[in-house]
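*Asks:* One structure follows; several queries about it will come next.
Residue numbers (the numbering used here), protein chains in the order written: chain F, 1 to 1042; chain C, 10001 to 10449.
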């Protein structure tokens, strides 16, 4: 019997599994949905495929049968696993959770990685709120102390670089732009499915690159016939006000009463209008709001009194809070997403061609990113046994005005959340910039020195101190498949992933910092050559044997050059190195190459589709390790037992499987960590200068190894109406290759060593249910939950703590012995009988004598997501709620913002019912809750002045619970009825949808910010400085199929 | 494939020496609030809006860590590298010996600041990558060893032969000057421990003077910076290039200068808007404009860093004479020479110096010599806050009041770095106990009063 498996729209369903009911006979359809199977007349064929509900068809006496499968989002049947191997569920003895392409592309978000949040158990996604910012992707916890912990992205069996080029300063919150991760180059419309391989056994065949788990992307395969899909969408956004500052409106600019000639007034004094009477001048050179109480009768000369083009030039204005606070700075982001995807095929071959254009405008003025994604793929059947295929993807991304991050004058959130004067009207700054096109700032140094003190006019900053960037990326794969016999497939494949990027940063003449221009050219390339033989044969009627033998040659090359002007620019607005005031110092160059040679083999036995035994071994040889230690092996063994096969009579049990596996995965060293080299420094008057590098390299490094064990159970009940998949895992990474921080009395910061071990253990559960299912109405629920416990078991001999990052405010992120990775340390309160001790001289909290007290932990306790989807006839509604519970975050925004008097808490009434900002003599001041050194309740009243509620307190006071519950996405879509569409030639289908993302933060604990907001992807989490607000987005999309 | 093609594996020894000299001068000269805040502690300067460092907040900006790292990692490590490479680099035996001696003097000089700032520190096990967590040695033992090393280095200098040449940013390879420097520094080291071991101080000072110390401002150890980054004076970076208005004169210092019509005041500071000189009260938030600011001459990119000078040498000799050491001349003559040298260094004249010295509050007072010398050191060591701090701790003059709203007592040492607490905990704790507590108020062995 032969036939074809299609979906409800008549498109081929590739690789469906076809079995003869009641027997063990089964085959897989090919990628065009075609199959041939031996079956007796009148037997029933069972069809199943990833993302579809199983269907049964009685073949009667026909020799051709076609089956139409309807889509389903519950437990999947065929899973794409390592190296593109497709496995039926029974034959997959490890955790591999699959998400359909539809699921990740339907929100029309340009970065599909963010769409995985909450959809996969054990996957921790953390995204930044900057436009085009990076996304942190961690599977089953942090495994390496200072190395890369990001999951590996693999597209159609080939590694796809997801690096980010953010600088060390950017990642530690010292400023710089977040240029995003390279995985955002993948076209969501080209994604057929995403499989997350979580454990080492599943990803062992990817070698060291896969040691952090793998996000496996299968792109769309070509179907028979011609299909054209057009998507057109537009997105508008709005800032979620709960994630931005709320300002107090009672006190204006200043730090206290120390202005004027005698340093004892709230205001500066000068005879501005020349009438011989001394006038009040606002202390606009400050960037705090601990100044004079607002009083509309008080006339004060403000910054605009010194701007000759201002309507208030030379005029005093009432001393009041600004009508337009910084919330009015944000503009409505609008994005457009247009895509067309054409695919077609015949017996001889197939092709696909896709183009997506994305234009995003950010919430900040002068910010946009445009993306062009072009995908082409084709296959040709040269002979029935030989197939050639190739894909080429081109991505072009252009960014302009990405948001500054961290503690920096180019991150206006630092300005608005930490250092601001609430009397400054943002819209008046806007007018001033557009009137003058110069840095007419609210923050003049003084009435006599009209230059910026700490902060530029925010509009000047956006329009003049901007970055721009571009990245062109080519990702191409060519392969040849030879199938000499039915059970053997030999594949040769060559692939190249390469991108060139340019990042230019500008600091205009007239800015608060020295004008400059810098450019960073970065080129990355990765080339893979694979030769893989796969066999799949039923040795007996009961035993299926699969085997794999392969080799890969992997080469990676990263080359960059960063150059910057020296001492300022000569001509304003000319951004060229040649416009440097002084001779620029030599640019910083980097040239890193690495090569890994791999051999691997695997074997799988399946008995009666019930018991599966699987073993793999891989040998890697890496150039980054010393010659003597550069080869390492890693084995994996797995077993699966589909016990439901033993219970055919239990009709309530649709499916039941137990699985267990153990694997060891090795990892090599970062490039250039073996041999020492010096650091050359610009010469001093012709005399060369050099220094010993801060990190001591190590010629005796060995590979680091992660051993991991996993056990799981999958069950489905009541005709697959409800099912769950649960895994327990434990992994331990030993001999971590780490630049261990040493006592700097050694003359070094750190030394590369094989030091320490980290353990991760956890539980993952995903549950699928279909509470209601009728032909017209269905309701599906999908729940994902995971909990990871991480512990640093060992550090370098004698070491108890390893500092990962040193942030502003003396807060550090650490790997501490016996603690979870990501311990936040800083200064703490001193406690007496559980109460905070207050100094009886200053009235402030006593700070712990050291700054290395544990004050938090960046790891969440658990993460989860619930997706509900309802379908009534052609109308469907789905919404995803995701949550992260536990984990801490330190907020530099609150640490400074509370200290500079921006927030309503800083103007609260005191215990006497008086304004706390009044002097103590006037009944003001505050009594901090706590005790004195003897444990008696604190009665010491101190003035509520600069710093008191902020940075004069222990840093522990600004560590917040980072838990959240978010309504992440909600989608309503409507498919025009077939009856209507069929009349609308040439359309085959029209779907309209309305998509909302980040709609509502249902619960959070950090004030005025999004707990998920972070500075960059990478290991350094748990810290916010200049956090961007969340943007709620609403998208309208129309999808046309021809 | 494993060798970094963009960074050298070989460099001449002089490259490390030059870089170490510049790093050392940067660390001593810097006014960066993350690194060198001694000008604030000794109340030469005062901060404007953010007086945290003036109030001795060392922790938030990890100033104690940064100071430690700058000296161990950025100076001594590179000097050690230079020493290791010199024998292979330099053929001429005398030049080789001279270069090693100069490098050794520079290293001893650097250790002096570490040991007088923290107390017990890693020394015998320091700078050894095989000892990642070095033990701390007793400060006095280290100090005595440094003195022995300094003597040996002086003995190895051959004034007729060459040194580092132009790679020597301080003396351009002039070994005669280096010998004077080493001896003058020996006087400084000896006088630092005069309260603890007067006999040893006497022997050392007398030997140094006999061997030859600084005799004029021409001998001063200065490093003249360039006007292009990264080789500029760090004060220019902090005060001018940054565009910030963080510092004004401290009232304590201004009042003291005004009290005796100090001719250096206009070299130190700018006039305030009224034409006079005014400073802000230490620790109190203050406005920038009404106060006096750092003189623009000092904030020029090429303004020299000063490592050791004739004025302080003369003031040390005045004290030595007062203590009865045989250094030639009298306490008064050395005192007057020191004050005059300082005034001339800053641009004043001998006549101005004489008029200044003639005033009752300025003229040398043998009855309270600690006050006379202490106050003049405090003034002469303007812009050299670290040295001013060491001398203030030792001489206890001028009698400074702690800053307003201070977080602690006035520091008489630095607490150990947070990194040491985190990484080298066992040795850190032993050291903290040995010196009597890791606190800013713990007095070091030579600080007797």
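Ideal Cβ positions, reconstructed from N, Cα and C, are used throughout, including at glycine.
Check whether chain F comes within 8 angstroms of residue 10072 of chain C, counting only Cβ atoms and requiring the distance to be less than that.
*Replies:* yes
*Asks:* Starting from residue 10356 of chain C, trace the alpha helix (DSSP H) in both directions and tell me its first and last residue.
*Replies:* Secondary structure note for residue 10356 of chain C: its alpha helix (DSSP H) is the uninterrupted segment 10350 to 10357.
*Asks:* Quick check: the Cα distance between residue 22 of chain F and residue 762 of chain F, rounded to an integer number of angstroms?
*Replies:* 38 angstroms
*Asks:* Roughly how many angstroms lie between the CA atoms of residue 941 of chain F and residue 913 of chain F, to the nearest whole one?
*Replies:* Between the alpha carbons of residue 941 of chain F and residue 913 of chain F lies a gap of roughly 14 angstroms.
*Asks:* Mind checking whether residue 10180 of chain C and residue 10204 of chain C have CB atoms under 8 angstroms apart?
*Replies:* Between residue 10180 of chain C and residue 10204 of chain C, the C-beta gap is not smaller than 8 angstroms, which leaves the two residues out of contact.
*Asks:* Which residues in chain C sit within 7 angstroms of residue 827 of chain F, going by Cβ to Cβ distance?
*Replies:* 10059
*Asks:* May I ask which residues mark the beginning and end of the alpha helix (DSSP H) holding residue 10190 of chain C?
*Replies:* 10175 to 10192
*Asks:* Can you check DSSP and say which residues form a bridge with residue 664 of chain F?
*Replies:* F/707
*Asks:* Does the beta carbon of residue 10029 of chain C come closer than 8 angstroms to any beta carbon on chain F?
*Replies:* no
*Asks:* Quick one, which residues of the stretch 10286 to 10302 of chain C are near chain F if we go by CB-CB under 8 angstroms, in chain order?
*Replies:* 10286, 10287, 10288, 10289 and 10290
*Asks:* Given that residue 10226 of chain C touches chain F, what residues does it touch there, using C-beta distances under 9 angstroms?
*Replies:* 684 and 685
*Asks:* Less than 8 angstroms between the CB atoms is what I'm expecting for residue 10120 of chain C and residue 10092 of chain C, so what's the real figure, rounded?
*Replies:* So it is not a contact: roughly 40 angstroms between Cβ atoms.
*Asks:* Nearest by alpha-carbon distance to residue 671 of chain F: which of F/630, F/250, F/152 and F/351 is it?
*Replies:* Of all alpha-carbon atoms in F/630, F/250, F/152 and F/351, the one lying nearest the alpha-carbon of residue 671 of chain F is that of F/630.
*Asks:* Does the stretch 732 to 748 of chain F come into contact with the stretch 772 to 785 of chain F, if we say contact requires no fewer than three beta-carbon pairs (one atom in each stretch) closer than 8 angstroms?
*Replies:* no
*Asks:* State the beta-bridge partners of residue 18 of chain F as determined by DSSP.
*Replies:* F/27 and F/47
*Asks:* Sorted by chain position, which residues of the same chain lie with C-beta nearer than 7 angstroms to residue 256 of chain F's C-beta, five sequence neighbours on each side aside?
*Replies:* Correct list, in chain order: 290, 945 and 946.
*Asks:* Could you name the residues of chain C that residue 675 of chain F contacts, counting a contact when the two beta carbons are closer than 9 angstroms?
*Replies:* Going along chain C in sequence order, the residues near residue 675 of chain F (Cβ under 9 angstroms) are 10002, 10003, 10004 and 10009.
*Asks:* Nearest to residue 813 of chain F by alpha carbon, out of F/1030, F/305, F/233 and F/1019?
*Replies:* Here the closest residue by C-alpha is F/1019.
*Asks:* Under the assumption that residue 10253 of chain C contacts residue 10279 of chain C (Cβ atoms under 8 angstroms), give the Cβ distance between them as a whole number of angstroms.
*Replies:* 6 angstroms
*Asks:* Check whether the stretch 627 to 647 of chain F and the stretch 690 to 707 of chain F are in contact - that is, three or more C-beta pairs closer than 8 angstroms.
*Replies:* Counting C-beta pairs with one atom in each stretch, the stretch 627 to 647 of chain F and the stretch 690 to 707 of chain F have three or more that are closer than 8 angstroms, which means they touch.
*Asks:* Between the Cα of residue 10085 of chain C and the Cα atoms of C/10073, C/10068, C/10012 and C/10133, which residue gives the shortest distance?
*Replies:* C/10012
*Asks:* For my contact list, residue 10407 of chain C and residue 10056 of chain C are in at a C-beta cut-off of 8 angstroms; report their separation, rounded to the angstrom.
*Replies:* 5 angstroms
*Asks:* Whose Cβ in chain D lies nearer than 9 angstroms to the Cβ of residue 594 of chain F?
*Replies:* This model lacks chain D altogether, as its protein chains are F and C.
*Asks:* Is any beta-carbon of chain C found at less than 8 angstroms from that of residue 672 of chain F?
*Replies:* yes
*Asks:* Compute the distance between the beta-carbons of residue 81 of chain F and residue 96 of chain F, then report whether it is under 8 angstroms.
*Replies:* yes
*Asks:* In whole angstroms, what separates the C-alpha of residue 62 of chain F from that of residue 18 of chain F?
*Replies:* Cα atoms of residue 62 of chain F and residue 18 of chain F: separation of roughly 16 angstroms, rounded to the nearest angstrom.
*Asks:* Between the alpha carbons of residue 380 of chain F and residue 68 of chain F, how many angstroms are there, rounded?
*Replies:* One C-alpha to the other measures close to 26 angstroms.
*Asks:* Please list the residues of the stretch 558 to 569 of chain F that have a C-beta atom closer than 7 angstroms to any C-beta atom in chain C, keeping them in chain order.
*Replies:* 566 and 567
*Asks:* Using the beta-carbon count (16 or more within 10 Å), is residue 10044 of chain C buried or exposed?
*Replies:* buried
*Asks:* The stretch 248 to 267 of chain F: which residues have C-beta closer than 7 angstroms to a C-beta of chain C, in chain order?
*Replies:* 255, 256, 258, 259, 261 and 263
*Asks:* Below 7 angstroms CB to CB, which residues in the same chain sit around residue 427 of chain F once its five sequence neighbours on both sides are set aside?
*Replies:* 324 and 328
*Asks:* Does the beta carbon of residue 424 of chain F come closer than 8 angstroms to any beta carbon on chain C?
*Replies:* For residue 424 of chain F, the answer is no, since every Cβ of chain C falls outside 8 angstroms of its Cβ.
*Asks:* Would you grab the beta carbon distance between residue 938 of chain F and residue 930 of chain F for me? Rounded to a whole angstrom, and I think it's under 8 angstroms.
*Replies:* 5 angstroms
*Asks:* Closer than 8 angstroms, CB to CB, is residue 10433 of chain C near chain F or not?
*Replies:* By this cut-off, residue 10433 of chain C is not an interface position.
*Asks:* Any residues in the stretch 10301 to 10320 of chain C with a beta carbon nearer than 8 angstroms to a beta carbon of chain F? Which ones, in chain order?
*Replies:* none
*Asks:* To the nearest angstrom, how far is it from the Cα of residue 233 of chain F to the Cα of residue 986 of chain F?
*Replies:* Rounded to the nearest angstrom, the two C-alpha atoms are 21 angstroms apart.
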